[in-house]
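If you use mature numbering (1 follows the signal peptide of the UniProt record, and there is no 0), the sequence shown corresponds to residues -26 to -1, 1 to 427, in order. A virtual CB, placed ideally from N, CA and C, is assigned to each residue, including glycine.
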Amino acid sequence: MNMKLSFVTASILAVFLLAQPSPAAAKLPFFGAEAGTEMPSLAPMLDKVTPAVVNINVAGNREVRQRVPDAFQQFFGQGEMRRSQPFRGLGSGVIIDAAKGYVVTNSHVINQADEIQVTLKDGRTFDAKKIGEDPDSDIALLQIKADNLTAITVSDSDTLRVGDFTVAIGNPFGLGQTVTSGIVSALGRGGLDIEKYEDFIQTDAAINSGNSGGALVNLKGELIGINTAILGPNGGNIGIGFAIPSTMMKNLVNQIIEFGEVKRGVLGIEGNDLNAELAKNMNVKTNKGVFVGKVTPDSGAQKAGVKAGDTIVSLNGKPIQSMSELRAKVGTLGVGKSVKLGILREDKQVSIDVKLSAADQANVTAENLHQMLAGANFANGKTVDGEPGVVVSEVAEGSPAARLGLSKDDVIIGIGRTRIENIAQLRSVLEQARGVVALQIQRDNTVFYTLIR
């Protein structure tokens, strides 16, 4: 008899013995449900919510890099070989608008996918169109054309407290829709280097591979987060999962719907997490918040009156614990939005309204878009005629982009016959392009094409 079977047999025997009433136990009252009463259950809530959670299957080709073997370096030279490799993947998603067929998922679920299929709980399968994505916060928006969809109600995640009950719904390991439960273990988790903008809800509800993009809901069945990552060996669950807060997701999705991309705003400060040592040195009477070390000239913060040496302790009336939390919350709001900062300045509470300015980090490293564009940075901008396009904001000398002929201040206005007005469109078209691609570029008053492969 093997060890595992012995252990199971012993466990069954132990349960049987424990189930037998002892003389002492027989005198104790029975703490169970009375006959005919309904046992507490999450089933009624889940019956309403689970149709809004979908399975996502993707397929495509992904570029892989491989070192050139020594034996072939005389033919191909030293360095790396690049080749296209087919891939398939799976994940989860959440229907947030039944009338328009909008489905939210993680950006990493659909990254570089040529085919995206959404399967509903009732078994229907639909091809999905990508409306837009924000890889920096790992949010993507899809759209399907289908009738009789069920959308989930989106809750205000800013009202969450540690200890609130949570339920995770998704498609772990491709098994099909699965439900697990837990609590909010922590809020405002950041500094994990999972994403560029991190303000995670931490939960001990079991989240595994394939749960990405699925729903984290409260006991009312309202969406409080989008499950996105776990901390665990070999990708297995150890009770530490992370979800993007629903309020953060909603802000990002609204921008994607309106602009096709996220137009991120910034305060215009540089700062550090406040700790006990820094608070003591700067004579600040709090140990939590963001110490402002520098204010960027002409930024929203500078125009509103934020000063170096201030300590930011709240944003829109909610406490701020760290720089990563502040950065993530602000980074999900659009350019031109206003926020109310609670500031400690020389032991006085000050409230300042700041209008967010355009993010300098709107520049996109071009090698993330296409290998032949490596060495260039892009930003949304306009041509000399005032038409929208993608401006080449920087080109490194000797880079592939420079060899391609790109110059600083060039404006990409099209790919082939497709008009390009912003980085989101450029990324979308390049992801779907195959073979030779013709970039239409305006330089001063001249328009020309350059080919990339």
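- About 12 Å separates the beta carbon of N145 from that of T154, a gap too long to meet the 8 Å contact definition.
- Within the region 337 to 414, the complete alpha helix (DSSP H) segments of 4 residues or longer fall at 374 to 378, 397 to 406, listed in chain order.
- Under the three-state reduction of DSSP output, L330 falls in the coil class, being neither helix nor strand.
- Per the C-alpha coordinates, the member of L197, G195, N192, L205 positioned closest to N182 is L205.
- Partner residues in the beta bridge of V266, as assigned by DSSP, are G245.
- Under the DSSP definition of a beta bridge, D71 partners with Y76.
- Selection L193, E89, F216 evaluated against P14 yields L193 as nearest (Cα-Cα).
- Residue pairing of L64 in beta bridges, as defined by DSSP: N31.
- Within its own chain, the residues whose Cβ lies closer than 6 Å to the Cβ of E196, once the five positions on either side in sequence are excluded, are T127, S129, listed in chain order.
- Between E89 and V32, the CB-CB gap stays under 8 Å.
- In this structure, V258 is the residue among V258, L347, D272 with its C-alpha nearest to the C-alpha of Q323.
- Across the set F147, I30, G137, D167, the C-alpha of G137 shows the shortest separation from the C-alpha of S159.
- Close CB contacts of A302 within its chain, under the 8 Å cut and outside five residues either way in sequence, are with S111, G164, Y171, E172, D173, M222 (chain order).
- Using a Cβ distance threshold of 8 Å, S66 and G184 count as a contacting pair.
- Judged by their CB atoms, K119 and G75 are nearer to each other than the 8 Å cut-off.
- Across the set D272, N85, A348, the C-alpha of A348 shows the shortest separation from the C-alpha of G379.
- In this structure, R319 is the residue among R319, K281, V77, E235 with its C-alpha nearest to the C-alpha of T260.
- Distance from the Cα of G310 is smallest, within the candidate group L330, R36, E235, S402, for L330.
- Positions of the beta strand (DSSP E) runs, each at least 3 residues long and wholly inside the region 122 to 168, are given as 139 to 144, 152 to 163 in order along the chain.
- In this structure, DSSP gives G215 an extended state, which the three-state scheme calls strand.
- Judged by DSSP in its simplified three-state form, P109 adopts coil rather than helix or strand.
- V287: member of the beta strand (DSSP E) spanning 285 to 289, first to last residue.
- In the structure shown, R36 falls within a strand segment according to DSSP collapsed to helix, strand and coil.
- Counting the other CB atoms within 10 Å of its CB gives T392 a total below 16, which places it among the exposed residues.
- Between T79 and A114, the C-beta gap is smaller than 8 Å, which places the two residues in contact.
- Annotated as proximal: R238 and G305, with beta-carbon spacing under 8 Å.
- By the neighbour-count criterion, in which a residue is buried when 16 or more other Cβ atoms sit within 10 angstroms of its Cβ, A250 is exposed.
- For the pair V403 and I426, the CB atoms are not nearer than the 8 Å cut-off.
- The region 270 to 279 and the region 361 to 380 do not touch, with fewer than three beta-carbon pairs separated by less than 8 Å.
- For E89, the enclosing beta strand (DSSP E) has its first and last residue at 87 to 93.
- No Cβ-Cβ contact shorter than 8 Å links L300 with I317.
- The criterion of a C-beta distance shorter than 8 Å is not satisfied by V328 and L226.
- As DSSP reads the structure, I118 sits in no beta bridge.
- Under the three-state reduction of DSSP output, T260 falls in the coil class, being neither helix nor strand.
- Under the three-state reduction of DSSP, K277 is assigned to helix.
- Here P25 carries a helix assignment [DSSP, helix/strand/coil].
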